[in-house]
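**Q** Quick one: the structure is below, questions incoming.
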Ligand code: SF4
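In the working numbering, the protein residues as written are 1 to 337.
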């Protein structure tokens, strides 16, 4: 049983501390009825034109990856970046209608939209809400190219829609086995299920890739060659990797606490020491540019390991689609119109 555990929200004046054991968590679903915007515009240094557009039909994610950078965005809503992020899920039921209206109004054709960043677009609630599916249909109607990044086989449900789109589907798959994944990805579909879904998508003729992200120094570098091989055998043609980045104090706090719960003290020390070497003595990066990369020779070796095997297997290498400047702390986004 999980108990409520949230680092103090830096945007809140007060935070709760429990005397004794905190209460158990429970899944809560909130429907946001006044959604006004679905497309978020964010700076992305790696992206052509420097801007990336994203669509998220949900906020929060039950998959609960301990390293997830979207935890921070939950704090903007007044929730915690810990168990709140995994159990208080905000749903936008009118997402497809709002997206359609936005696309009607854009002055120029939308160059590309990514489904991801504040959540997994295929978290289990999507099975009944079908909001990602309906938004993909809207993108198909407007001829907007789409990127999907997910850890869920549920994406295979939408093959019929994906076939109508100029799309690439990436599976985030940084660990080879369930045992290795579990300490960091406690509630995600297991790696085997992701590889099977990857194969189904590839067999349907849809471009599919693997995101070896995050690479956690001292933990999963040795998985890289086999991950790429498995992805290749499953029909993937694209690949990217990026280093673990802990985007805020809250995320760092939660990530470290969960490591202590799930891993041996030796393993925790190995990871934290390796991270600190890459980050100049701390766990968080100092600048956005350093966010997804390391600075030691060891990281160079990891980079070359990835490059070598990606080239050997004929992958088209991508910059990580997950690299974008976090949205501003204020909910207001820049206008597209
Ligand atoms: S699946 Fe993606 S969005 Fe969900 S918790 Fe994991 S990293 Fe975050």
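Every residue gets a Cβ at the ideal spot worked out from N, C-alpha and C, and that includes glycine.
Counting only runs that start and end within the region 108-193, where is the beta strand (DSSP E) found for 3 or more residues in a row?
**A** 113-115, 146-150 and 167-172
**Q** If you measure from the CB of residue 151, is any heavy atom of ligand 1 nearer than 7 Å?
**A** yes
**Q** Rounded to whole angstroms, what's the CA-CA distance from residue 113 to residue 121? Just pull it up for me.
**A** Distance between the alpha carbons of residue 113 and residue 121: 13 Å.
**Q** Measure the C-alpha to C-alpha separation of residue 64 and residue 170 and round it to an integer number of angstroms.
**A** If you take the alpha carbons of residue 64 and residue 170, they lie about 19 Å apart.
**Q** What is the rounded straight-line gap between the Cα of residue 189 and the Cα of residue 182?
**A** When only Cα atoms are considered, residue 189 and residue 182 end up about 10 Å apart.
**Q** In its own chain, which residues sit with a C-beta less than 8 Å from the C-beta of residue 228, not counting the 5 before and 5 after it?
**A** Within the same chain, residue 228 has close Cβ partners 210, 212, 239, 306, 309, 310, 313 and 315.
**Q** Just checking residue 57 against ligand 1 - is the residue's beta carbon closer than 7 Å to any of the ligand's heavy atoms?
**A** no
**Q** Name, in chain order, the residues that DSSP records as bridge partners for residue 40.
**A** For residue 40, which the question treats as bridged, DSSP gives the partners 54.
**Q** Using the Cβ count rule (16 or more neighbours within 10 Å means buried), how would you classify residue 11?
**A** exposed
**Q** Are residue 214 and residue 67 close, meaning C-beta to C-beta below 8 Å?
**A** yes
**Q** Less than 8 Å between the beta carbons of residue 293 and residue 243, yes or no?
**A** yes
**Q** Would you kindly work out how many angstroms separate the C-alpha atoms of residue 87 and residue 135, rounded to a whole number?
**A** 24 Å
**Q** DSSP three-state call for residue 253: helix, strand or coil?
**A** In the structure shown, residue 253 sits in a helix (DSSP, three-state: H, G or I).
**Q** Once you ignore the five residues that flank residue 6 on each side, which residues in its own chain have a CB closer than 7 Å to its CB?
**A** 80, 81, 82, 83 and 84
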